[in-house]
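Have a look at the structure below before the remarks.
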Amino acid sequence: MTSMTANKRYGNKRRFEVASWYFMRVSGALLLLIAVFHLILMHVVIGVDNIDYALVVGRWASPWWRLYDLTLLFFALIHGANGARWVIDDYIHRPGLNKGLKAVFYVFVFIFLLMGTQVIFTYDPATASNSIGAAVAAAIGF
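Everything in the sequence shown is counted per our numbering, starting at 8 for the first residue and increasing by one.
What follows is the structure, given as structure tokens:
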């Protein structure tokens with residue numbers, strides 16, 4: 008059977024795998040930048056001892072920080088899920104078990120994406136005490 012016949016018969020899985028490979032490289036590079044920025048900001052500039060509820064609430068008063076956290080959530084979760092998909096394909100060889108495990112895994116990934124997005128977009132910082140977070144945000148220029 009030629010590859011052209013296989014692609015018509017089963018769909019073009021090779022194209023998806025190539026896109027998945029490129030996504031891992033691009034998302035990995037972006038994650039390196041945004042995760043390192045997050046670690047430096049939270050652990051060096053602000054300091055671990057100063058991180059509390061009010062700080063996070065104060066950060067989310069700005070739409071920029073909400074978008075930043077949403078980007079970090081999506082890239083990290085989807086990058087990790089794609090890597091886990093590769094691991095499942097490498098180690099689970101029985102087709103039924105492979106598909107079932109990936110289906111359960113995708114449901115959990117989808118639920119976590121929904122939960123994280125809901126928290127980031129529906130949380131109202133005006134209802135919480137955010138004086139410390141606002142002061143920190145003003146001090147670092149955001």
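Cβ coordinates follow ideal geometry from the N, Cα and C atoms, glycine included.
Check, Outcome
"Closest Cα partner of Y75 within the set L48, D131, K106 and R32", "L48"
"Residues near I127 in its chain [Cβ-Cβ closer than 8 Å; skip 5 each side]", "W67, R73, D76, L77 and L80"
"DSSP three-state assignment for N19, whether helix, strand or coil", "coil"
"Length at least 4, wholly inside the region 70 to 110: the alpha helix (DSSP H) runs in chain order", "70 to 98"
"Close Cβ partners of K109 (< 7 Å) along its chain, the five nearest in sequence each way excluded", "R92 and I95"
"Among A83, V25 and G90, the one whose alpha carbon lies nearest that of L37", "A83"
"Where A26 sits in the DSSP three-state scheme", "helix"
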